Amino acid sequence: MARIGSTKLEVFPLALGGNVFGWTADEKTSFAVLDAYAAAGGNFVDTADVYSAWAPGNSGGESETIIGRWLSSRGNREKMIIATKVGMHPKLSGLAPATIRTAAEKSLRRLQTDYIDLYYAHQDDENTPLEETLRAFGELVEEGKVRYVAASNYSAARLQEALSASDRAGLVRYVALQHHYNLVERDQYEGELANVVAREGLASIPYFALASGFLTGKYRPGAKVSSQRAEKAGGYLNDRGIKVLAFLDEVAAAHDVSVASVALAWLAAQPTVVAPAASARTPEQLRDLLPVADLRLTKSEVSRLSEVSA
0 MARIGSTKLE VFPLALGGNV FGWTADEKTS FAVLDAYAAA GGNFVDTADV YSAWAPGNSG
60 GESETIIGRW LSSRGNREKM IIATKVGMHP KLSGLAPATI RTAAEKSLRR LQTDYIDLYY
120 AHQDDENTPL EETLRAFGEL VEEGKVRYVA ASNYSAARLQ EALSASDRAG LVRYVALQHH
180 YNLVERDQYE GELANVVARE GLASIPYFAL ASGFLTGKYR PGAKVSSQRA EKAGGYLNDR
240 GIKVLAFLDE VAAAHDVSVA SVALAWLAAQ PTVVAPAASA RTPEQLRDLL PVADLRLTKS
300 EVSRLSEVSA
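Position one of the sequence shown corresponds to residue 0 (numbering that gives the first Met the number 0), numbered consecutively onward.
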């Protein structure tokens, strides 16, 4: 288990992404994935109120609803760390206090729980003063409806501004950052943003940890993959991406694990990263991700992966 910053949250080193629940995984399959994750010792489930409003026939909240039904049917709420987000739902966008309050109450009902362990601002809202957003989050913490708050998709400057506002005004403080980061998407995080996270003692929880499936190794020259994310993942199939896959293959063979688990292990080896977030549509896909919990790459392997992906 790994600790999120200075909190009391001890989490499995792989956060299970819930964006597929109610989208590419129906409820029965989602339950099977969640069961397999919990059976492997997993306890950190990541979702958002907007998942999966983009899918035909959905309006948002489908993922939370499935997770809530699973928690209720399994009776394991106290064993799980549940993270969800506010700010990107089509009917509850932004981080105004009233929006946060309404969204939190809806998420709590869908999740069938009295509290959210980690509540993210899903994206920055420059139209709402940071102090107002933080004060609204703080009220939820004081009421016991939220344990800790975090940020997602913030720039380095705005994240620092929010943290400074918390310190200056004695407001609740973000404890983690969720952001786009993986072997083939490094520019957004490495540098200024990573420096803020490290300096301020935050935990890093990268999303798209497998680059929309590209880093599972199933996307190869000439391969046909049936997936909602095939077009995006296929965009990484260039000279650089092929070199990354080649070395991932080599390391995976050396450790007798999946390519996906090696890609996740590289992320886990990066400073500030506590638990990469990755989703699985089936228990079989999840099985390829779970070895990251025990996989320790050598310093040479980490360095070489950094070099070929630079």
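The C-beta atom is built at its ideal place from N, Cα and C for all residues, glycine as well. Note that this is a predicted model, so its numbers are computed, not measured.
The stretch 12-68 contains, as complete beta strand (DSSP E) runs of 3+ residues, the segments 14-16, 43-45 (chain order). Within the same chain, Cβ atoms closer than 7 Å to the Cβ of Tyr-114 are found at Gly-143, Lys-144, Val-145, Arg-146, the five residues on either side in sequence being excluded. Within 10 angstroms of the beta-carbon of Asp-248 lie fewer than 16 other beta-carbons, which makes it exposed. At a Cβ-Cβ threshold of 9 Å, Val-85 and Leu-133 do not count as neighbours. Residue nearest to Lys-105 within the set Glu-63, Ala-135, Gly-234 is Glu-63 (criterion: CA-CA distance). Fewer than three pairs of CB atoms, one per stretch, sit closer than 8 Å, so the stretch 260-280 makes no contact with the stretch 148-155. In this structure, the CA atom of Gly-200 is about 16 Å from the CA atom of Ser-154.
Taking C-beta atoms as the reference points, Ala-102 and Thr-281 fail to come closer than 9 Å. Linking Gly-137 to Leu-266 through their CA atoms gives a straight-line distance of about 31 Å. Distance from Leu-288 to Leu-13 at the Cβ level is roughly 6 Å; contact confirmed, criterion being Cβ atoms closer than 8 Å. If you draw a 10 Å sphere on the C-beta of Asn-18, you find 16 or more other C-beta atoms in it, and that means buried. DSSP places Leu-176 within a strand segment (E or B) once states are collapsed to three.
Judged by their CB atoms, Ala-202 and Ala-164 are not nearer to each other than the 9 Å cut-off. Where Asp-116 is concerned, the enclosing beta strand (DSSP E) starts and stops at 115-120.
Judged by beta-carbon spacing, Gly-16 lies beyond the 9 Å limit of Tyr-180, meaning their Cβ atoms are not closer than that value.
Separation of His-121 and Glu-61 (C-alpha to C-alpha, rounded to the nearest whole angstrom) is 17 Å. With respect to the 9 Å criterion, Leu-182 and Val-243 are classified as neighbours on the basis of their beta carbons. Ser-151: member of the beta strand (DSSP E) spanning 145-151, first to last residue. Distance from the Cα of His-88 is smallest, within the candidate group Asp-186, Leu-110, Tyr-50, Leu-70, for Tyr-50. Selection Ala-262, Thr-127, Tyr-188, Glu-26 evaluated against Gly-212 yields Ala-262 as nearest (Cα-Cα). Between Thr-127 and the set Arg-109, Ala-161, Leu-8, the nearest pair of CA atoms involves Ala-161. Note: Arg-2 is bridge-paired with Glu-9 in the DSSP secondary-structure output.
About 6 Å separates the beta carbons of Leu-296 and Ala-268, which is inside the 8 Å limit, making them a contact pair. Sixteen is the threshold: since fewer than 16 other Cβ atoms of the shown chains lie within 10 Å of the Cβ of Pro-55, the residue is exposed. If you draw a 10 Å sphere on the C-beta of Asn-42, you find 16 or more other C-beta atoms in it, and that means buried.
Pairing Ile-80 with Asp-48 gives a Cβ-Cβ distance that is not under 9 Å. Taking C-alpha positions only, Val-291 is separated from Leu-285 by approximately 11 Å. For Thr-83, the three-state secondary structure derived from DSSP is strand. For Asn-126, no alpha helix (DSSP H) run applies, since DSSP gives it neither H nor E. For Ser-154, the three-state secondary structure derived from DSSP is coil.
In this chain, the alpha helix (DSSP H) harbouring Lys-242 covers 238-254. Apart from sequence neighbours up to five positions away, the residues of its chain that approach Thr-112 with a beta-carbon distance below 8 Å are Gly-67, Leu-70, Arg-76, Ile-81, ordered along the chain.
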